[in-house]
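J.:
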Amino acid sequence: DVLAGNADAKPGSYVAVSLRDDGTGMPAEVRERAFEPFFTTKPQGKGTGLGLSQVFGFIRQLGGHIAIDSTLGEGTVVTLYLPIAAEPPAQQPAPPAPVPEGIAAVSRATVLVVEDDERVREVAAETLRDAGFRVIAAQDALEALALLRRGEQFDVLFSDIVMPGGMNGIELAQAARRLRPRLPVLLATGYAGTVAGSADHGFEVMSKPYDQSTLTQRIAELATERHRGVA
56 DVLAGNADAK PGSYVAVSLR DDGTGMPAEV RERAFEPFFT TKPQGKGTGL
106 GLSQVFGFIR QLGGHIAIDS TLGEGTVVTL YLPIAAEPPA QQPAPPAPVP
156 EGIAAVSRAT VLVVEDDERV REVAAETLRD AGFRVIAAQD ALEALALLRR
206 GEQFDVLFSD IVMPGGMNGI ELAQAARRLR PRLPVLLATG YAGTVAGSAD
256 HGFEVMSKPY DQSTLTQRIA ELATERHRGV A
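So the sequence shown is residues 56 to 286, counted in the working numbering.
(1) Taking just the CA atoms, how far does residue 107 sit from residue 91?
(2) Quick one: measure Cβ to Cβ for residue 137 and residue 246, integer angstroms, because I've assumed they're closer than 8 Å.
(3) Going by DSSP, what residues sit across from residue 126 in a beta bridge?
(4) Buried or exposed: where does residue 271 fall if 16 or more other Cβ atoms within 10 Å of its Cβ makes it buried?
(5) From the DSSP output, in three-state form, read off residue 217 for me.
(6) Looking at C-beta atoms only, is the number of pairs between the segment 178-190 and the segment 223-241 that lie closer than 8 Å three or more?
(7) Hey, is the segment 68-82 in contact with the segment 198-209, meaning 3+ C-beta pairs nearer than 8 Å?
(8) Would you check if the distance between the CB atom of residue 217 and the CB atom of residue 112 is smaller than 8 Å?
(9) Within 10 Å of its beta-carbon, does residue 266 have 16 or more other beta-carbons around it, so buried, or fewer, so exposed?
(10) Taking only three categories from DSSP, how would you classify residue 118?
(11) Can you list, in chain order, the residues of its chain with a C-beta nearer than 8 Å to that of residue 65? Leave out the 5 residues immediately preceding and following it.
(12) Within the continuous alpha helix (DSSP H) that includes residue 180, where are the two ends?
(13) Where do the N-terminal and C-terminal ends of the beta strand (DSSP E) with residue 262 fall, by residue?
(14) Enumerate in chain order the residues of its own chain whose CB-to-CB distance from residue 131 is below 8 Å, with the five nearest sequence positions on each side excluded.
(15) Taking all protein chains shown into account, do 16 or more other C-beta atoms lie within 10 angstroms of the C-beta of residue 159, making it buried, or fewer, making it exposed?
(16) Just to confirm my understanding: we take residue 115, look at its own chain, exclude 5 residues before and 5 after, and list those with CB closer than 6 Å. What are they?
(17) So, with DSSP's three-state summary, where would you put residue 237?
(18) Going straight from the alpha carbon of residue 163 to that of residue 242, what length do you get?
(19) Once you ignore the five residues that flank residue 252 on each side, which residues in its own chain have a CB closer than 7 Å to its CB?
(20) Expressed to the nearest angstrom, what Euclidean distance is found between the alpha-carbon atoms of residue 87 and residue 261?
(21) Contact check, residue 196 vs residue 220 under 8 Å by CB: the rounded distance?
(22) If you drop the 5 nearest sequence neighbours on each side, which residues of the same chain put their C-beta closer than 6 Å to that of residue 192?
(23) Give every residue of the same chain whose Cβ lies closer than 6 Å to the Cβ of residue 121, excluding the five residues on either side of it in the sequence, and list them in chain order.
Here you go:
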């Protein structure tokens, strides 16, 4: 019932975890932007504006939701809604994601995967390897940029947007394009507002969570475009 007004909420049972403070509260304009990456009310140099946006992305990756209720002069309540995991039926291991049509032509393509969440990074890398790609993974933008500057050759850059370490995925993509102007870039995020905002930067953005076939298909298309000289 609590999530009835949320169009993205899926039917099911959730666990709610609430955190309350008795601070000054938030005005409506701040509350509406609280989950935006890099938005902060702190003085310059005192905050990154990534805390709540990272929590938002993490909760969305788990299939959950987050809500803020704040009253000026009284405080703020942040509630996390996490889906209750059902006991899965016994089943055979899922087969690898189908190899997209035309992928044979780029089966030796190398993909740079950049993701700070170790589990998500490993799943993405394994999915692409199963599809025939060579994969090199980095845990943040600075590590990825070091690989590019070192002369490693990549056919596609696939990166998360919101990451710790002082550089986000959009900034990484911009730096990568300065080094490799023809390098295809695919970004990913669990924060819906970032998907729309990233269009201003000219980079394609995939929403999290994404399925394996969608990922392999799009990476294959980008690698093919690069080898054909389109990208």
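Backbone N, C-alpha and C define an ideal beta-carbon position, used for all residues, glycine too.
T.: So, from the data block:
(1) 8 Å
(2) Residue 137 to residue 246, Cβ: 17 Å. No contact.
(3) Beta-bridge pairing links residue 126 to 130.
(4) Looking at its Cβ environment, which holds 16 or more other Cβ atoms inside 10 Å, residue 271 is buried.
(5) Correct three-state label for residue 217: coil.
(6) no
(7) no
(8) yes
(9) exposed
(10) Judged by DSSP in its simplified three-state form, residue 118 adopts coil rather than helix or strand.
(11) Once the five neighbours on either side are set aside, the close Cβ partners of residue 65 are 118 and 138.
(12) 173-185
(13) 259-262
(14) Annotation for residue 131: 75, 76, 78, 80, 81, 123, 124 and 125 place their beta carbon closer than 8 Å to its own, counting only its chain and skipping 5 residues before and after.
(15) Caution is warranted here: a pLDDT of 47 is assigned to residue 159, below 50, making its placement in the model unreliable, and no coordinate value can be reported.
(16) 245
(17) coil
(18) 21 Å
(19) With a pLDDT of 48 at residue 252, under the threshold of 50, the modelled position of that residue is not reliable, and the figure given next carries that caveat. Nothing meets the Cβ criterion.
(20) 23 Å
(21) 6 Å
(22) 168, 176 and 180
(23) 111, 114 and 135
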